[in-house]
Amino acid sequence: MNYDSLYKQSLKSPELFWETQSNEIEWFKKPQEILSKDSNDYYQWFKDGTTNLSYLCIDKHINDGYGEQLAVVYDSPVTHKKESFTFNQLYDEVSRLAGGLKSLGLEKGDTCLLYMPMIPQAVFAMLACARLGVIHSVVFGGFAPHELAIRINDCKPKAIITASHGIEINRVIPYKPFVDIAIEKADFKPEKVILFKREEAPVMDQKPYDVDYQQLVADSKITAAIELPSTHPSYILYTSGTTGTPKGIIRDTGGYATALKFSMKKIYGVDEGETYWAASDVGWVVGHSYIVYGPLINRNTTILFEGKPIKTPDASTFWRVISEHNVSVMFTAPTAIRAIKKEDPDGEYIKKYDLSSLKFQFLAGERCDAATLLWTKKHLGIPVIDHWWQTESGWPMLANMVGVELLESKVGSAGKPVCGYDIQILNENGLETKPDEEGYIAIKLPLPPGTLKNIWGNTERFKKGYLERFPDFYFSGDGGYKDSDGYVFVTGRVDDIINVAGHRLSTAEMEEVVSNHTDVAECAVFGIHCDLKGQQPLGLIVLKSKTSNQLDQIQNQIVLNVREEIGAVASLRNVLVVNRLPKTRSGKIMRKLLRNIADVDDFKVPSTLNDIQIISEIQDIYKSHRIGKFQ
Numbered sequence: 001m002n003y004d005s006l007y008k009q010s011l012k013s014p015e016l017f018w019e020t021q022s023n024e025i026e027w028f029k030k031p032q033e034i035l036s037k038d039s040n041d042y043y044q045w046f047k048d049g050t051t052n053l054s055y056l057c058i059d060k061h062i063n064d065g066y067g068e069q070l071a072v073v074y075d076s077p078v079t080h081k082k083e084s085f086t087f088n089q090l091y092d093e094v095s096r097l098a099g100g101l102k103s104l105g106l107e108k109g110d111t112c113l114l115y116m117p118m119i120p121q122a123v124f125a126m127l128a129c130a131r132l133g134v135i136h137s138v139v140f141g142g143f144a145p146h147e148l149a150i151r152i153n154d155c156k157p158k159a160i161i162t163a164s165h166g167i168e169i170n171r172v173i174p175y176k177p178f179v180d181i182a183i184e185k186a187d188f189k190p191e192k193v194i195l196f197k198r199e200e201a202p203v204m205d206q207k208p209y210d211v212d213y214q215q216l217v218a219d220s221k222i223t224a225a226i227e228l229p230s231t232h233p234s235y236i237l238y239t240s241g242t243t244g245t246p247k248g249i250i251r252d253t254g255g256y257a258t259a260l261k262f263s264m265k266k267i268y269g270v271d272e273g274e275t276y277w278a279a280s281d282v283g284w285v286v287g288h289s290y291i292v293y294g295p296l297i298n299r300n301t302t303i304l305f306e307g308k309p310i311k312t313p314d315a316s317t318f319w320r321v322i323s324e325h326n327v328s329v330m331f332t333a334p335t336a337i338r339a340i341k342k343e344d345p346d347g348e349y350i351k352k353y354d355l356s357s358l359k360f361q362f363l364a365g366e367r368c369d370a371a372t373l374l375w376t377k378k379h380l381g382i383p384v385i386d387h388w389w390q391t392e393s394g395w396p397m398l399a400n401m402v403g404v405e406l407l408e409s410k411v412g413s414a415g416k417p418v419c420g421y422d423i424q425i426l427n428e429n430g431l432e433t434k435p436d437e438e439g440y441i442a443i444k445l446p447l448p449p450g451t452l453k454n455i456w457g458n459t460e461r462f463k464k465g466y467l468e469r470f471p472d473f474y475f476s477g478d479g480g481y482k483d484s485d486g487y488v489f490v491t492g493r494v495d496d497i498i499n500v501a502g503h504r505l506s507t508a509e510m511e512e513v514v515s516n517h518t519d520v521a522e523c524a525v526f527g528i529h530c531d532l533k534g535q536q537p538l539g540l541i542v543l544k545s546k547t548s549n550q551l552d553q554i555q556n557q558i559v560l561n562v563r564e565e566i567g568a569v570a571s572l573r574n575v576l577v578v579n580r581l582p583k584t585r586s587g588k589i590m591r592k593l594l595r596n597i598a599d600v601d602d603f604k605v606p607s608t609l610n611d612i613q614i615i616s617e618i619q620d621i622y623k624s625h626r627i628g629k630f631q
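Under the numbering used here, the residue at position 446 of the sequence shown is numbered 446, and the numbers go up by one with no gaps.
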């Protein structure tokens, strides 16, 4: 079956289509009620079916006779350490940790927060929680204690699983001390902190709530995976919100497993037994779906990589990993390729390795520029596929579905809609636009299985943020257009969320930190183009009339404050002083105009601007600091 016929079938008969796909995974109880609505009048899949993600990732393959196949390969150039785990070994690690969590009182429906570096124990912890029906929430290690405390207050974890420290190029990240600070800041107090002590762990304060991870596993018994309803929440994953308060996206169990199995085969074109590598982090949705659950459900060997695309030790590290572990399909962000390209523009490192195992290279997480896509295609000599999805969707919405049919690719497009996603470009009035006419990217309901089911503890925010803008549609928050051939081009966010190296960050949250500085009268933080990271935040501040501090002190302190409150991931480096900010006649700061002055050669001056002279003032400041197009 080709792409067009399969896609049309998925929209014409969604229940029949996804019932067929659900037969590709194992159920304790096969679902009969395929599509229904929950108590919030929102769609849910396979309501009466029961299964377990941990069982599907481990036990099923052992039962099928593949216990000695490699399940997880840990490759850490920052520690010069490699480890491999078969499905049998993964079973032992995960089921014993699950037994330990159970002994501490964790049970189905409880929440557990994970704050871990990219080590095997992070994967074990996710799967152990899923085994018990404990809802895990992984927080990216790049977030500071303040952000961690916000998430603790929101998901109220009975326990936190963490490690002593993380290791990056030339620095150590103090994970456990950050957890202690976050607990001190948080209103909600978890009962236990399960601490995995890495080799050469720094000396840390012992807290009454601390539990030794290694000892807990050693003392615990093998624990079976429990039967869970398809609609049971598997995890909460936080994504930036326009209010500055993160949104806890809830994923289900059975629908998610069905969608991931489908995506591994039909989108990524990976066969069972092959090696798959998503060069991401378990703190992000890519890590959940395509480091842990997707590959393991599909019986692939998954690569867990602790390192960077460059300087670990150089720009050859990705190609070394692919060659050494016979990777069939790889997935990374365009930022990683741009970093490699900058260090090795002629692709000399690529020529040193045997990459014959690699069938496809996928890129996602941010908009992929043409130069990066074409450079990768030229030097790898295989299909390089840009695709698009979100934390909310959990798996791709736009792609070239290579497991069905390898279509022509168009530079600048993330492909055609994936099966199950009725993607339309709507105008302000909710009407579909003409080909090549830009509008809002929205998806007709119901969304396919595996997508978000709610926001943790805030159904009203879920409805307002995603469902109210266009009735009967999910609003993605992105703008774009569709050409006459059905290819979709994503142009970027239409709110104040920016995408820095694949990380979605709220500029409203950064503004709050900046505005709290005692010398700042008002400010604006917005995203501008960055050749390496796609976007980077830029802060403009208006100072109070009386200040005793030096300008460079103020700027450095603001950068430090953002780093401490949000984390290094925020990447705010430039804070410029202006005499005033452009505003509408009603007093609203015109952040889009500030961004356009930096990025767009031929931008339109909004008719609502209260003083046109300010444009030349901002341009002069950008020129003097070599910002954006003025470099």
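Built from N, CA and C at the ideal position, the CB exists for glycine as well. None of the values given here were measured: they were computed from a predicted structure.
Ile161: member of the beta strand (DSSP E) spanning Ala159 to Ala163, first to last residue. When beta bridges are read from the DSSP output, Thr332 appears opposite Leu363. By the neighbour-count criterion, in which a residue is buried when 16 or more other Cβ atoms sit within 10 angstroms of its Cβ, His517 is buried. DSSP, reduced to helix, strand and coil, places Gly109 outside both helices and strands of the structure shown, so it counts as coil. Around Pro435, the same chain offers Lys482, Asp483 and Ser484 as residues with beta carbons nearer than 7 angstroms, after the five sequence neighbours per side are excluded. Scanning the stretch 519-598 for uninterrupted alpha helix (DSSP H) segments of 4 residues or longer gives 551-565, listed from N- to C-terminal end.
Beta bridge pairing from DSSP links Lys416 with Ala399. Under the three-state reduction of DSSP output, Asp495 falls in the coil class, being neither helix nor strand. Taking Tyr55 as reference, the option from Gly67, Phe46, Asp48 and Arg493 with the minimal CA-CA separation is Gly67. Val559 has its alpha-carbon roughly 33 angstroms from the corresponding atom of Lys464. For Ala442 and Trp18, the gap between their C-alpha atoms comes out near 21 angstroms.
A Cβ-Cβ contact shorter than 7 angstroms links Asn52 with Ala225.
Per DSSP, reduced to three states, the secondary structure at Gly381 is coil, with no helix or strand assignment.
Between the beta-carbon of Lys247 and that of Tyr238 there is about 7 angstroms, and that keeps the pair under the 8 angstroms contact cut. With a cut-off of 8 angstroms on Cβ pairs, the stretch 351-361 is in contact with the stretch 382-393, counting three or more such pairs. The alpha-carbon of Glu306 is positioned some 33 angstroms away from that of Lys410. The residue among Ala336, Lys341, His325 and Ser545 with its C-alpha nearest the C-alpha of Asp75 is His325. Assignment of beta-bridge partners to His503 by DSSP yields Val500. Spatial neighbours of Tyr622 in its own chain (CB-CB distance under 7 angstroms, excluding positions within 5 residues in sequence) are listed in chain order as Ile597, Ala598, Gly628 and Phe630. Proximity to Gly273 across Ile291, Pro295, Val282 and Thr258 peaks at Pro295, based on C-alpha coordinates.
Below 8 angstroms, enough C-beta pairs join the stretch 146-160 and the stretch 106-125 to call them touching: three or more. Listed in chain order, the beta strand (DSSP E) elements of length 3 or more contained wholly in the stretch 186-273 are 192-196, 210-212, 235-239 and 247-251. With respect to Leu447, Tyr487 sits apart: the two C-beta atoms are not nearer than 7 angstroms. The three-state secondary structure of Glu392, taken from DSSP, is coil.
Under the rule that a run must span 4 or more residues, the alpha helix (DSSP H) segments found entirely inside the stretch 12-52 read 14-22. Contact between the stretch 132-141 and the stretch 75-91 is absent: fewer than 3 CB-CB pairs across the two stretches fall below 8 angstroms. Boundaries of the alpha helix (DSSP H) around Glu617: Gln613 to His625. For the 7 angstroms CB-CB criterion, His387 and Ala414 form a contact. Relative to Trp27, the option among Met126, Glu227, Ile150 and Gly105 whose CA is nearest is Glu227. In the structure shown, the three-state DSSP call for Trp319 is helix.
Taking every protein chain shown into account, the CB of Arg573 has fewer than 16 other CB atoms within 10 angstroms, so this residue is exposed. Membership of Asp422 in the beta strand (DSSP E) is indicated by the continuous run Asp422 to Leu426. Sequence-distant partners of Ser316 (beyond 5 residues in either direction) whose C-beta falls short of 6 angstroms from its own C-beta, in its chain, are Tyr349.
Of the other Cβ atoms in all chains shown, fewer than 16 fall within 10 Å of the Cβ of Asn427; this residue is therefore exposed. Two segments are said to touch when three or more pairs of C-beta atoms, one from each, lie closer than 8 angstroms; by this definition the stretch 539-551 does not touch the stretch 282-293. DSSP, reduced to helix, strand and coil, places Val292 within a helical segment of the structure shown.
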